[in-house]
Amino acid sequence: MSEKKPIFTPVSEKEVTRAIVAGFAKQFIEYVESDCLIIGGGPSGLMVGRDIALKGVKTLIVERNNYIGGGFWIGGYLMNKVTVREPGQKILEELGIPYEKAVKGLYVADGPHACSKLIAAACDAGVKFANMTIFDDVVLREGNQVCGAVVNWTPVQALPREITCVDPIALESKFVVDSTGHDACVVKKLEERGILKTSGFGAMWVEQSEDLVVEHTGEVHPGLVVTGMAVATTYGLPRMGPTFGGMLLSGRRGAQVILEKIKKK
Amino acid sequence: MNDFIYHIPACIDLYEEGDLRGLNLQNLGRYIAEKTGVPFRNQGNIYKRYSEERLEAVAKELARIKVKDPGKRFALEVPLQAEIDYERRRVRSPGWKVFGILYEGVLYQRIVSDLIFDDEIASDRCSILFTNQLFGTWDRDNRRYHARVSLYGFPSVISVVGLVEAPARPKEFYLRKQMGTPVELLKEEYQGRFLDHGDLRMTEVLKGYAMHALLFHLTGDPFCEDRDCRLFNSHWQEEVLHSQMDGQYEYCPRHEDFLKELKGRSPSSSFSYSTGGVGVGR
Chain Z
13 MSEKKPIFTP
23 VSEKEVTRAI
33 VAGFAKQFIE
43 YVESDCLIIG
53 GGPSGLMVGR
63 DIALKGVKTL
73 IVERNNYIGG
83 GFWIGGYLMN
93 KVTVREPGQK
103 ILEELGIPYE
113 KAVKGLYVAD
123 GPHACSKLIA
133 AACDAGVKFA
143 NMTIFDDVVL
153 REGNQVCGAV
163 VNWTPVQALP
173 REITCVDPIA
183 LESKFVVDST
193 GHDACVVKKL
203 EERGILKTSG
213 FGAMWVEQSE
223 DLVVEHTGEV
233 HPGLVVTGMA
243 VATTYGLPRM
253 GPTFGGMLLS
263 GRRGAQVILE
273 KIKKK
Chain D
1099 MNDFIYHIPA
1109 CIDLYEEGDL
1119 RGLNLQNLGR
1129 YIAEKTGVPF
1139 RNQGNIYKRY
1149 SEERLEAVAK
1159 ELARIKVKDP
1169 GKRFALEVPL
1179 QAEIDYERRR
1189 VRSPGWKVFG
1199 ILYEGVLYQR
1209 IVSDLIFDDE
1219 IASDRCSILF
1229 TNQLFGTWDR
1239 DNRRYHARVS
1249 LYGFPSVISV
1259 VGLVEAPARP
1269 KEFYLRKQMG
1279 TPVELLKEEY
1289 QGRFLDHGDL
1299 RMTEVLKGYA
1309 MHALLFHLTG
1319 DPFCEDRDCR
1329 LFNSHWQEEV
1339 LHSQMDGQYE
1349 YCPRHEDFLK
1359 ELKGRSPSSS
1369 FSYSTGGVGV
1379 GR
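Residue numbers (this note's numbering), protein chains in the order written: chain Z, 13 to 277; chain D, 1099 to 1380.
#1: I need the boundaries of the alpha helix (DSSP H) containing Gln1179 of chain D, first residue and last residue.
#2: What residues of chain D sit near Gly117 of chain Z, judged by a beta carbon separation below 8 Å?
#3: At a CB distance below 9 Å, what residues from the stretch 88-113 of chain Z approach chain D? Give them in sequence order.
#4: Since Tyr1243 of chain D is in the beta strand (DSSP E), which residue starts that stretch and which ends it?
#5: From the DSSP output, in three-state form, read off Trp85 of chain Z for me.
#6: Quick check on Gly1296 of chain D - is its C-beta less than 8 Å from some C-beta in chain A?
#7: Measure the alpha-carbon distance for Leu1284 of chain D versus Phe1252 of chain D and round it to whole angstroms.
#8: Whole alpha helix (DSSP H) runs in the stretch 199-277 of chain Z with 4 or more residues, listed along the chain?
#9: So which residues on chain D does Pro136 of chain Z lean against when the C-beta distance must stay under 8 Å?
#10: For the beta strand (DSSP E) that Asp190 of chain Z lies in, which residues bound it at each end?
#11: When the Cα atoms are used, what is the spatial distance from Ile181 of chain Z to Gly53 of chain Z?
#12: Can you tell me whether Phe1369 of chain D is helix, strand or coil according to DSSP?
#13: From Phe1233 of chain D to Tyr1206 of chain D, what distance separates their C-alpha atoms?
#14: Starting from the C-beta of Gly1306 of chain D, find all residues in its chain whose C-beta is less than 6 Å away, skip the five residues before and the five after it, and write them out in chain order.
#15: Nearest to Arg62 of chain Z by alpha carbon, out of Z:Ala37, Z:Val199, Z:Val120 and Z:Cys135?
#16: Pick out the complete beta strand (DSSP E) segments inside the stretch 134-183 of chain Z, 3 residues or longer, and give them in chain order.
#17: Cβ closer than 8 Å: which chain Z residues qualify as neighbours of Met1300 of chain D?
#18: List the DSSP bridge partners of Val94 of chain Z.
#19: Quick one, which residues of the stretch 1261-1294 of chain D are near chain Z if we go by CB-CB under 9 Å, in chain order?
#20: Using a Cβ-Cβ cut-off of 7 Å (strictly less than) and excluding sequence neighbours within five positions of Glu222 of chain Z, which residues of its own chain qualify?
#21: Residues in the same chain with beta-carbon distance under 6 Å from Ile1103 of chain D, minus the five sequence neighbours each way, listed in chain order, please.
#22: Quick one: which unbroken alpha helix (DSSP H) runs of 4-plus residues sit fully inside the stretch 1269-1355 of chain D? Chain order, please.
#23: Does DSSP put Val1156 of chain D in a helix, a strand or coil?
#24: Among residues of its own chain, excluding the 5 on either side of Arg1363 of chain D, which ones have a beta-carbon nearer than 6 Å to its beta-carbon?
#25: Using a Cβ-Cβ cutoff of less than 8 Å, which residues in the same chain neighbour Glu1354 of chain D once the five nearest sequence positions on both sides are dropped?
#26: Please list the terminal residues of the continuous alpha helix (DSSP H) segment that includes Phe40 of chain Z.
#27: Alpha carbon to alpha carbon, how far is Ile1256 of chain D from Pro1192 of chain D? Give it in angstroms, no decimals.
#28: Evaluate the contact criterion for the stretch 19-34 of chain Z versus the stretch 151-162 of chain Z: three or more CB pairs, one atom per stretch, below 8 Å.
#29: Ordered along the chain, which non-local residues of its own chain (more than five positions away) have a Cβ less than 6 Å from that of Asp1111 of chain D?
#30: Counting contacts by CB-CB distance shorter than 8 Å, is Glu227 of chain Z in contact with chain D?
#31: Taking Cβ to Cβ, would you say Ala242 of chain Z is nearer than 8 Å to Val269 of chain Z?
#32: Within 8 Å of any Cβ in chain Z, is that where the Cβ of Lys1164 of chain D sits?
#33: Residues of chain Z with CB closer than 9 Å to the CB of Val1196 of chain D, please, in chain order.
#34: Once the 5 residues before and after Gly235 of chain Z are set aside, which same chain residues still bring their CB inside 7 Å of it?
#35: Checking the sheet assignment: what are the DSSP bridge partners for Tyr1113 of chain D?
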């Protein structure tokens, strides 16, 4: 009787560890300097990343959670259907995300399908990720130009400072994108330094704020582009309801701004 | 008996700002002229006569008067460059569609009044600006800003989108929206019970608001307490639709009589009117 062969090739634990460390280190060393560092891996950040990476821009997305996608997995009231208003469905089509028409001008898609497709599109375009990584501070150069971010492991933030003592590290880039949602972490950091002043988002009482978010998307400070709900916080625009078209289109607008600036440089 | 002297304007100047979403200004102007005997002029886009330099200054002023937190008393702040850029794009584009920013109403009115030439804002002209932007005023009672449909003065400003956003919709609409039902679905379900953007009834409804403005110009009091009269000051969408579309009559007997008297006179003339103790513009 012949001995049954195992399904998987035998590999020792030390080889597994070496593969993880080497793979991570190789990518991390390469991306310590990038063209664009996106803080926040929600829909607008992923969209910026996907669009610029498709044009060959070296892009790293920093995400504080283990999972990428932000709030795009679920819609309102924890229900996993996401809605987009016209013309947001054109981006769904472009990404190959199935959707249905709910009423005139409103489309609905499965959150998990939409989110995973968007993440995959960003990955396919060449975006790299540093997840479980939290934004700590900005790197500033002459004239307060933003040219990078200081980051740390996310779990470090949860521990008392007295027992962690883990210093952060800095990543450099030509552009930083704040796509951290309502928190607008990067913009707030500049505000702490007295470099600019934000307004905080307004009440969710108008249905039209998606247009305003897209219209205000752009460079808020030299080297810093703001997209998605961080735009609402920065400029005091009305808060949005759970429709994601504005996030996707804001991401696209942010990408256009970066590509134009890179072209000029 | 109270007798008042009313001065009739020579003409009513209608201005517009942005995409008025189906409002037919010619139709509205003809209605006022027919009701009052005062001719109207459609002056078009309020920004069209100004140089790039002047519009740049206007953009900076508008960027400073945004109410960012309706729960806090407004304070002037230095705007960010992107906020000025947004306003610049807006005032330079006659059919600008985007809205959603709430402007401080009184300051907004002051900015647009500076855009109306001195001779046009003289006492014998009634100027009305129709805008697709939102403005609000501070309510001292509940200490927060409220979006408004109109602010009467010189000029009077009437917000086409304010007509949709400011008067409250049925209570159950808000409860269900809070529970997460998409607004688009609710709009289908409650169709007809409130005005929506681009609503075909908009021109008809705004005729009543333009009459408010004219009445304010003449008497200082734009409103009527009769909910069947087009001059009723509505707070709910259903009141708006009732007073403007389904009232028992177009104008209450008191205002009907006043308008009849007004129409019999020439523009730029004055007339004395006995208010019978209850008063038009008391």
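We put the CB at the ideal spot given by N, CA and C, even for glycine.
In brief:
#1: Gln1179 to Arg1190
#2: Glu1282
#3: Gly88, Tyr89, Leu90, Met91, Thr95 and Arg97
#4: Arg1242 to Arg1246
#5: helix
#6: You won't find chain A in this structure, because its protein chains are Z and D.
#7: One Cα belongs to Leu1284 of chain D, the other to Phe1252 of chain D, and the distance between them is close to 38 Å.
#8: 221-228, 241-247 and 257-276
#9: Contrary to the premise, residue 136 of chain Z reads as Asp rather than Pro in this sequence. Contact of Asp136 of chain Z with chain D by beta-carbon distance below 8 Å is absent, the smallest such distance being about 31 Å.
#10: Ile181 to Asp190
#11: 19 Å
#12: Of the three classes helix, strand and coil, the one that applies to Phe1369 of chain D here is strand, per DSSP.
#13: 7 Å
#14: Arg1328 and Gln1342
#15: Z:Cys135
#16: List check, beta strand (DSSP E) in window: 140-143, 145-152 and 158-165.
#17: Simply none; closest approach about 16 Å.
#18: Z:Ala121
#19: Residues passing the 9 Å Cβ filter: Glu1263, Lys1275, Met1277, Gly1278, Thr1279, Pro1280, Val1281, Glu1282, Leu1283, Lys1285 and Glu1286.
#20: Arg97, Met252, Thr255, Gly257 and Gly258
#21: Ser1368 and Ser1370
#22: 1269-1276, 1281-1287, 1300-1317 and 1335-1339
#23: Of the three classes helix, strand and coil, the one that applies to Val1156 of chain D here is helix, per DSSP.
#24: Ile1106 and Phe1369
#25: Tyr1347 and Glu1348
#26: Glu25 to Tyr43
#27: 17 Å
#28: no
#29: Arg1139, Gln1141, Glu1218, Arg1223 and Ser1225
#30: yes
#31: no
#32: With a threshold of 8 Å between beta carbons, Lys1164 of chain D makes contact with chain Z.
#33: Those within 9 Å of Val1196 of chain D in chain Z are Gln220, Asp223, Leu224, Val226 and Glu227.
#34: Excluding residues within five positions, the ones whose Cβ falls inside 7 Å are Gln157, Val158, Cys159, Phe187 and Val188.
#35: D:Gly1142 and D:Leu1227
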